[in-house]
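The letter at position 68 of the sequence shown is residue 68 when you use this note's numbering, and the numbering goes up by one with no holes.
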Amino acid sequence: MRLYRNYDPTLNQGPPQMVSSFRALHDMIQVRRGSGLVLDWKQSGGTLLIGGDSRIIRVWDAHTENQVLVRGGVLS
């Protein structure tokens with residue numbers, strides 16, 4: 001995952017700049033009817049939630065550039 005600022009050329013704020021990055025999911029599980037990578041960006045809090053065909057859900061805080069939560073589970 002990569003987060004950028006100045007990505008909208010209509011605002012004319014300068015060239016795009018990468019401000020943060022991290023690896024969303026390390027291990028995807030092969031399933032017959034999977035959902036792939038599922039992502040939700042909470043603009044107001046600067047949080048990124050990542051899950052999908054994996055045994056974990058990750059929460060990334062873009063303000064502190066830290067992974068704040070990893071939840072494990074079982075796919076059904």
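All C-beta atoms, glycine included, are put in the ideal place defined by N, C-alpha and C.
First through last residue of the beta strand (DSSP E) which encompasses residue i
i     : result
Asp40 : 37-42
Gln67 : 66-72
Close-in-space but distant-in-sequence residues of the same chain around residue i (CB under 7 Å, 5 per side omitted)
i     : result
His63 : Gly46
Gly51 : Val38, Ile57
Sequence-distant residues of the same chain with beta carbon closer than 6 Å to residue i, five excluded per side
i     : result
Arg2  : Met18, Ser21
Gly34 : Asp53
Trp41 : Leu48
Arg5  : Gln17, Val19
Integer Cβ distance of residue i from residue j, believed to fall under 8 Å
i     : j     : result
Arg55 : Ile29 : 7 Å
Buried versus exposed, by CB contacts within 10 Å (16 or more), residue i
i     : result
Leu25 : buried
Leu11 : exposed
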